[in-house]
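Q: Residue numbers (my numbering): 138 to 425.
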Amino acid sequence: MEANREISALLQLIDDPDEEVFGVIQERIVGYGKPIIPSLENLWENTPDEEIQNRIEMLIHRLHYTDLTEDFRQWSVAGHFDLMVGCLLAAKFQYPDLSTAPVLLEVEKIRRNIWLELNNYLTPLEQIRIVTGILYGYYGLKGTETSAAHLNDFLLPRVLESKKGNQLSNGILYLILCEMLDIPVRAINIPKQFVLAFFKPGYSEELGDDYATKVEFYIEPASGQVFSQKDVESYFKRISVPSVPSYYKPLSNKRVIQHLLEEMAQCFIEEKNSYKKNELLLLASMLD
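1) Which runs of the beta strand (DSSP E) at least 3 residues long sit entirely within the stretch 331-386? Give them in chain order.
2) Inspect the beta-carbon positions of Leu318 and Val296 and report whether they are closer than 8 Å.
3) Just confirm the distance between the C-beta atoms of Ile394 and Ala227, as a whole number of angstroms; I'd bet it's less than 8 Å.
4) Around the Cβ of Met138, are there at least 16 other Cβ atoms within 10 angstroms (buried) or fewer (exposed)?
5) Hey, would you say Tyr385 sits closer than 8 Å to Val363, going by beta carbons?
6) Taking the alpha carbon of Pro185 as the point to measure from, which residue in Gly302, Leu235, Asp152, Glu408 has its own alpha carbon closest?
7) Helix, strand or coil, according to DSSP, for Lys301 in the structure here?
8) Beta carbon of Ala334, beta carbon of Ile325: below 8 Å?
9) What is the DSSP secondary structure of Lys413, counted as helix, strand or coil?
10) Of the choices Asp425, Glu282, Ser383, whose alpha-carbon is the least far from that of Leu398?
11) How would you label Val381, buried or exposed, when you count the other beta carbons within 10 angstroms and need 16 or more for buried?
12) Quick one: is Arg210 buried, meaning 16 or more other Cβ sit within 10 Å of its Cβ, or exposed?
13) Quick check on Ile325: does DSSP put it in helix, strand or coil?
14) In this structure, how does DSSP classify Gly280 when only helix, strand and coil are distinguished?
15) Just verifying my parser: in three-state terms, what is the DSSP assignment at Ser306?
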């Protein structure tokens with residue numbers, strides 16, 4: 138009862154014009170955590186003042202962000218670095234009330250369709266043709282140009298809804314499916330691109346400088362197109378960048394999600410949204 142009275146009193150003070158006083162009230166409200174959100178939403182619905190509504194929206198965002206920060210911290214320290222979970226956490230930055238069950242069901246449906254076509258006698262290229270054929274042909278996934286103007290193209294749940302994503306989000310979905318199917322496809326660190334590589338049997342992340350020799354071929358994930366080492370070397374010549382061994386080292390799932398957060402941050406370049414850019418970069422830095 139005492140807590141309810143304090144919450145009621147705090148909510149009545151949200152319109153205090155003194156920024157210093159509001160700062161104290163804000164911290165007290167955030168200290169109550171997510172359970173206070175329904176009260177804030179109810180207050181928003183019954184507040185005609187747009188400025189006060191903005192204050193309430195920022196409070197709700199702070200509460201969600203605080204919760205998300207803890208979820209990312211736990212994901213990071215748990216050590217599993219599940220790519221699907223990392224993607225869903227990233228999407229919750231923009232859609233905090235996201236329901237994850239439909240996403241999991243949709244990905245499982247695609248995985249099963251691919252699995253039914255696979256067998257132990259297929260070559261690496263045949264395996265990838267099946268993955269690509271199901272994902273881009275049967276399922277109908279399309280690739281879009283990577284653009285900071287289209288945040289939803291980075292977010293797995295929205296990509297599955299619209300069946301279109303950019304090179305990064307399509308690539309992450311491709312990685313998730315290959316991981317579920319035990320197909321040795323990993324993201325690699327090619328400059329200015331998000332490229333996947335099919336690694337030969339027996340490759341190890343302790344290979345030192347020998348990664349490129351363990352790659353069967355490469356996959357461009359916006360379209361699923363396969364290309365060769367020669368094509369990669371041509372790309373390096375075109376952008377006038379020397380091909381160094383570290384570019385072929387597989388990226389960890391942690392680094393992939395970090396990269397996703399960094400790219401999402403570039404979608405918030407307007408001054409009024411700069412706090413969101415900073416928050417995403419802070420989440421990314423947590424994964425170092």
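The beta carbon of each residue, even a glycine, is placed where N, CA and C say it ideally should be.
A: Taking the structure as given:
1) 332-336, 352-357, 362-364
2) no
3) 6 Å
4) Unreliable placement is indicated for Met138, whose pLDDT of 42 sits below 50; the coordinate value is still reported in the next sentence. Exposed.
5) no
6) Asp152
7) strand
8) yes
9) helix
10) Asp425
11) exposed
12) exposed
13) strand
14) strand
15) helix
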